[in-house]
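Asker: Just dropping this structure here.
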Amino acid sequence: MGKEKGLLEIRIAGLSEGIYEYDFTCQASDFTNPELAEPGFSKEIRTRVAANKTDSEITIDIETKTLAEFNCDICLAPLKKELTGMYRVFFVFGEPCSVSEKQSEGYRVLDRNALVIDLTKDVRETLLLSKPLKVVCIDNPECSVYREDGAEHSEEKHGAKSPWQESLEKLKNKYH
Ligand SMILES: [Zn+2]
Numbered sequence: 003m004g005k006e007k008g009l010l011e012i013r014i015a016g017l018s019e020g021i022y023e024y025d026f027t028c029q030a031s032d033f034t035n036p037e038l039a040e041p042g043f044s045k046e047i048r049t050r051v052a053a054n055k056t057d058s059e060i061t062i063d064i065e066t067k068t069l070a071e072f073n074c075d076i077c078l079a080p081l082k083k084e085l086t087g088m089y090r091v092f093f094v095f096g097e098p099c100s101v102s103e104k105q106s107e108g109y110r111v112l113d114r115n116a117l118v119i120d121l122t123k124d125v126r127e128t129l130l131l132s133k134p135l136k137v138v139c140i141d142n143p144e145c146s147v148y149r150e151d152g153a154e155h156s157e158e159k160h161g162a163k164s165p166w167q168e169s170l171e172k173l174k175n176k177y178h
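In terms of my numbering, the sequence shown opens at residue 3 and continues consecutively.
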């Protein structure tokens, strides 16, 4: 509880060149970030990490999968959605003096004598990025109108009318 350090770390001491895979399973409550403790991430979080080590660098690919729980933005119905997040981090072996130039290119400098790489923050970031901005239920046609395209193109730009719009119009005409 509250102890985030070391949650998702990979041991790199003595690792020879090659590709290594790691699997982690954790809960949102294992992270100290309150955003992940929200109902959205209530289920088990599976993380796969692929580390590609060469003589000079380590490329880390992170993939997270979790079944998240949301409420539809429009009708507020509860719904579940499997979220997949992907993220890549580069670590370059180097001396502390080369830190400034390398880090500006999105690389992180890793001490050659480092024993482990802690990926907790990166995994948390991957999870947060996998969270959709909009969540709308699929079953309810009144809500799915707003899926993907966003509200602004729903009627005018597509031209095509959804079944519920058509039936609404028929209903209106009936009473004219
Ligand atoms: Zn809905």
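Beta carbons are placed, not taken as given, at the ideal position from N, Cα and C, and that holds for glycine.
Pull up the CB-CB distance for R13 and T27, whole angstroms please, since I reckon it's below 8 Å.
Answerer: In fact, because the Cβ distance is near 18 Å, the residues do not count as touching under 8 Å.
Asker: Once DSSP output is grouped into helix, strand and coil, what is the label at K90?
Answerer: What sits at residue 90 in the sequence shown is Arg, not Lys. Here R90 sits in strand by DSSP.
Asker: I'd like the list of long-range same chain contacts for L117, defined as Cβ closer than 8 Å, with 5 residues on each side in sequence excluded.
Answerer: If we look at L117 and ignore the five residues flanking it on each side, its Cβ neighbours are R13, I14 and A15.
Asker: Around the Cβ of L17, are there at least 16 other Cβ atoms within 10 angstroms (buried) or fewer (exposed)?
Answerer: Answer is exposed; the Cβ neighbour count stays below 16.
Asker: For V111, name the three-state secondary structure that DSSP assigns.
Answerer: Residue state, collapsed to three classes: strand.
Asker: Does the distance from the CB of L129 to the CB of G87 come in under 9 Å?
Answerer: Their beta carbons are under 9 Å apart, which means L129 touches G87 by this criterion.
Asker: Considering only the alpha carbon of each residue, which of E11, I140, L9 and L10 lies closest to C77?
Answerer: When only C-alpha atoms are compared, the closest one is I140.
Asker: Nearest-angstrom Cα distance between L121 and D32?
Answerer: Spanning the two alpha carbons is a distance of roughly 13 Å.
Asker: Please return the same chain residues whose Cβ sits closer than 7 Å to the Cβ of R126, not counting the five positions on each side in sequence.
Answerer: Contacts found: F33, N35 and L38.
Asker: For ligand 1, is there any heavy atom lying closer than 8 Å to the beta carbon of N142?
Answerer: It does: the Cβ of N142 is within 8 Å (strictly closer) of some heavy atom of ligand 1.
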